[in-house]
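Student:
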Amino acid sequence: MPTVDDILEHIGEFHLFQKQTFFLLALLSGAFTPIYVGIVFLGFTPNHRCWSPGVAELSRRCGWSLAEEMNYTVPGLGSADEASFLSQCMQYEVDWNQSTLDCVDPLSSLAANRSHLPLSPCRHGWVYDTPGSSIVTEFNLVCAHSWMLDLFQSVVNVGFFIGAVGIGYLADRFGRKFCLLVTILINATSGVLMAVSPNYAWMLVFRFLQGLVSKAGWLIGYILITEFVGLGYRRTVGICYQVAFTVGLLILAGVAYALPHWRWLQFAVTLPNFCFLLYFWCIPESPRWLISQNKNAKAMKIIKHIAKKNGKPMPVSFQSLRADEDAGEKLNPSFLDLVRTPQIRKHTLILMYNWFTSSVLYQGLIMHMGLAGGNIYLDFFYSALVEFPAAFLIILTIDRVGRRYPWAASNMVAGAACLASVFIPDDLQWLKITIACMGRMGITMAYEMVCLVNAELYPTYIRNLGVLVCSSMCDIGGIITPFLVYRLTDIWLEFPLVVFAVVGLVAGGLVLLLPETKGKALPETIEDAENMQRPRKKKEKRIYLQGKKAGLQLS
Numbered sequence: 004m005p006t007v008d009d010i011l012e013h014i015g016e017f018h019l020f021q022k023q024t025f026f027l028l029a030l031l032s033g034a035f036t037p038i039y040v041g042i043v044f045l046g047f048t049p050n051h052r053c054w055s056p057g058v059a060e061l062s063r064r065c066g067w068s069l070a071e072e073m074n075y076t077v078p079g080l081g082s083a084d085e086a087s088f089l090s091q092c093m094q095y096e097v098d099w100n101q102s103t104l105d106c107v108d109p110l111s112s113l114a115a116n117r118s119h120l121p122l123s124p125c126r127h128g129w130v131y132d133t134p135g136s137s138i139v140t141e142f143n144l145v146c147a148h149s150w151m152l153d154l155f156q157s158v159v160n161v162g163f164f165i166g167a168v169g170i171g172y173l174a175d176r177f178g179r180k181f182c183l184l185v186t187i188l189i190n191a192t193s194g195v196l197m198a199v200s201p202n203y204a205w206m207l208v209f210r211f212l213q214g215l216v217s218k219a220g221w222l223i224g225y226i227l228i229t230e231f232v233g234l235g236y237r238r239t240v241g242i243c244y245q246v247a248f249t250v251g252l253l254i255l256a257g258v259a260y261a262l263p264h265w266r267w268l269q270f271a272v273t274l275p276n277f278c279f280l281l282y283f284w285c286i287p288e289s290p291r292w293l294i295s296q297n298k299n300a301k302a303m304k305i306i307k308h309i310a311k312k313n314g315k316p317m318p319v320s321f322q323s324l325r326a327d328e329d330a331g332e333k334l335n336p337s338f339l340d341l342v343r344t345p346q347i348r349k350h351t352l353i354l355m356y357n358w359f360t361s362s363v364l365y366q367g368l369i370m371h372m373g374l375a376g377g378n379i380y381l382d383f384f385y386s387a388l389v390e391f392p393a394a395f396l397i398i399l400t401i402d403r404v405g406r407r408y409p410w411a412a413s414n415m416v417a418g419a420a421c422l423a424s425v426f427i428p429d430d431l432q433w434l435k436i437t438i439a440c441m442g443r444m445g446i447t448m449a450y451e452m453v454c455l456v457n458a459e460l461y462p463t464y465i466r467n468l469g470v471l472v473c474s475s476m477c478d479i480g481g482i483i484t485p486f487l488v489y490r491l492t493d494i495w496l497e498f499p500l501v502v503f504a505v506v507g508l509v510a511g512g513l514v515l516l517l518p519e520t521k522g523k524a525l526p527e528t529i530e531d532a533e534n535m536q537r538p539r540k541k542k543e544k545r546i547y548l549q550g551k552k553a554g555l556q557l558s
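Sequential numbering from 4 applies to the sequence shown in our numbering.
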């Protein structure tokens, strides 16, 4: 029996059907951006200070300007280390309604030195210096409650982790299309409910639901488009699918700038997801998955639909080849399949470590980049632009050199950039920023490469499960990265960069232990995956027969 790649060579590897499907799934990729990094705008923390009704009344009576009000009534202004905490989280323990207070330096009548006046935490809320709103300003997630913003982001990552494993299993068990549509519906519904949440607790619940399904849906879309195209276009659409995510970053910056209020922003980035439910009529099930489930008749029907859409005739020899659905046993994916055999076990462990590394270095380098300027929208926009050269470098090198060496080199460049930053003096700030950008570009390449190669190393019936289980390690990395950065800097400012350097260099070395997937067909069976490092004969000289549980190859 010929493989799907054999058939696609005759009916079109990347023609009208595949282009249409890629465009639709690329929209899904871009729509995932607000969930993955939306905390930058949804949880924006502006400058703030304690609000006091007595201060507000005194300011109105005296006709103070904003600068005068802050100078007279806010503690900590002009001091060094504790200025931020004192001015934002503490207030003078003073009765501002007493008539003895003067309009010019009212505290001078109470103490010669303001530092001698007692302080207390904010009692009546805060005043925020922003024309818009965020979940921070609405639910007062500052000072003693600032941990609640961290919890908001951690809940999303917990959802990513659980959903990647659980929904990945379901997608391999019940099909890509069914699980994709279910994740879209839950994601869109929970996103709207989050936008109208009456309190922090409900917002947390709906954000968790979004995390539970959104990343799994993004990865299912990646698997689908990878399985629809032919061998020669697989890597290109995989990279471009991730570039669509980068385009989503740029669009998110513009939408957030136009809608500075978090509820309207949440509505704007969520409502388009309901349109993706139309994919029920636009995108068929993966024929590769159907064949892996021994549903050959349904797979052949979809293959004929692809041929018709592409305007290509089905070869008579392929039309006559139809496997007996009762001849083989249906293959059900199992987590044990990811570690049962030696080569797949090695692939799984190395891929999990590289997913973890990509997440830790990607987020860690952003924290250390120190972008100039205070415009959150421009900073976000510029940092996203760095990812485009990474994609172009992959496209230029991946077919000429292969997967392994560019992937290993990108990890090593990122690790070396971290190590180099440790020894660059602070007065060479331009050099620090340049090295940081090189590291960001390197780890972005590594991130895109691990997603591409992950799908190429597993047989069809556990491919989705393998990608989602391995990629769940990036969620673990996302959870611990802030602790690596902020806790280790208490010991030594450059300590996190040393850790990132070691992690990145080790990841680059481990990549060299994986097989090269350039020019190879996607493995259909466990046997194919186990034999990937062995030389194989040209596929036009192979004939496939379906056995009890795996294809047997005759030369």
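Even glycine gets a Cβ: it sits at the ideal position worked out from N, Cα and C.
From the DSSP output, which residues share a beta bridge with residue 52?
Tutor: 130
Student: What are the residues that DSSP puts in a beta bridge with residue 123?
Tutor: 94
Student: Relative to the C-alpha of residue 93, which residue among 126, 349, 217 and 351 is closest?
Tutor: Relative to residue 93, the option among 126, 349, 217 and 351 whose CA is nearest is 126.
Student: Quick check on the burial criterion: 16 or more other C-beta atoms within 10 angstroms. Buried or exposed for residue 328?
Tutor: Any reading at residue 328 must be qualified, since the residue scores a pLDDT of 37, below 50, and its modelled position is unreliable; no value is offered.
Student: Using the beta-carbon count (16 or more within 10 Å), is residue 494 buried or exposed?
Tutor: exposed
Student: Considering only DSSP beta bridges, list what residue 264 is partnered with.
Tutor: 136
Student: Can you look up residue 150 in the DSSP assignment and give me helix, strand or coil?
Tutor: helix
Student: For the alpha helix (DSSP H) holding residue 34, just list the boundary residues, first then last.
Tutor: Counting along the chain, the alpha helix (DSSP H) containing residue 34 begins and ends at 19 to 34.
Student: Three Cβ pairs or more, each shorter than 8 Å: is that satisfied between the region 294 to 304 and the region 234 to 241?
Tutor: No, the region 294 to 304 does not touch the region 234 to 241.
Student: Ignore the nearest five residues each way along the sequence and tell me which others in residue 531's own chain have a CB closer than 7 Å to its CB.
Tutor: 462
Student: Can you tell which of 420, 259, 513 and 444 has its C-alpha closest to the C-alpha of residue 47?
Tutor: Measuring from the Cα of residue 47, the nearest candidate turns out to be 259.
Student: Going straight from the alpha carbon of residue 40 to that of residue 399, what length do you get?
Tutor: Approximately 28 Å, taken between the alpha carbons.
Student: Out of 228, 382, 307 and 216, which one is the CA nearest neighbour of residue 276?
Tutor: Of the listed residues, the one whose Cα sits closest to residue 276 is 216.
Student: When the Cα atoms are used, what is the spatial distance from residue 550 to residue 390?
Tutor: With a pLDDT of 39 at residue 550, under the threshold of 50, the predicted position of this residue should be treated as unreliable, though the coordinate-derived value follows. If you take the alpha carbons of residue 550 and residue 390, they lie about 45 Å apart.
Student: May I have the straight-line CA-CA distance separating residue 208 from residue 156, to the nearest angstrom?
Tutor: 12 Å
Student: To the nearest angstrom, how far is the alpha carbon of residue 508 from that of residue 186?
Tutor: 36 Å
Student: Identify the continuous alpha helix (DSSP H) that holds residue 293 and give its terminal residues.
Tutor: 290 to 295
Student: What's the call for residue 443, buried or exposed, on a 16-neighbour Cβ count within 10 Å?
Tutor: buried
Student: So, with DSSP's three-state summary, where would you put residue 323?
Tutor: Per-residue confidence for residue 323 stands at a pLDDT of 44, beneath the threshold of 50, marking its modelled position as unreliable; no derived number is given.
Student: Three or more C-beta pairs under 8 Å: does that hold for the region 238 to 252 against the region 449 to 466?
Tutor: yes
Student: Is the CB-CB distance between residue 445 and residue 412 below 9 Å?
Tutor: yes
Student: Which first and last residues belong to the alpha helix (DSSP H) in which residue 182 is found?
Tutor: 179 to 198 is the extent of the alpha helix (DSSP H) around residue 182.
Student: Alpha carbons only, please: which of 97, 36 and 90 is nearest the one belonging to residue 159?
Tutor: Of the candidates 97, 36 and 90, the one whose C-alpha sits nearest the C-alpha of residue 159 is 36.
Student: Taking only the alpha-carbon atoms, compute the straight-line gap between residue 481 and residue 95 and give it to the nearest angstrom.
Tutor: 39 Å
Student: Less than 8 Å between C-beta atoms, sequence neighbours within five positions excluded: which residues of the same chain meet that for residue 167?
Tutor: 218, 219, 222, 471, 472, 474, 475 and 478
Student: Helix, strand or coil for residue 461? Go by DSSP, reduced to three states.
Tutor: coil
Student: Please tell me whether residue 384 and residue 173 are closer than 9 Å, where the distance is taken between their beta carbons.
Tutor: no
Student: In angstroms with no decimal places, state the Cα-to-Cα distance between residue 212 and residue 79.
Tutor: 41 Å
Student: Under a three-way DSSP split, which group does residue 314 fall into?
Tutor: Three-state result, residue 314: coil.
Student: Give a yes or no on whether the C-beta atoms belonging to residue 8 and residue 233 are separated by under 9 Å.
Tutor: For residue 8 and residue 233, yes; Cβs fall inside 9 Å.
Student: Quick check: what's the CA-CA separation for residue 14 versus residue 29?
Tutor: 23 Å
Student: Can you tell which of 139, 164 and 163 has its C-alpha closest to the C-alpha of residue 153?
Tutor: 139
Student: Enumerate in chain order the residues of its own chain whose CB-to-CB distance from residue 285 is below 7 Å, with the five nearest sequence positions on each side excluded.
Tutor: 27
Student: Return the chain-ordered ranges of every alpha helix (DSSP H) run that is complete within the region 206 to 267 and spans a minimum of 4 residues.
Tutor: 237 to 261
Student: Quick one: grab the DSSP three-state call for residue 497.
Tutor: Three-state DSSP puts residue 497 in coil, outside helix and strand.
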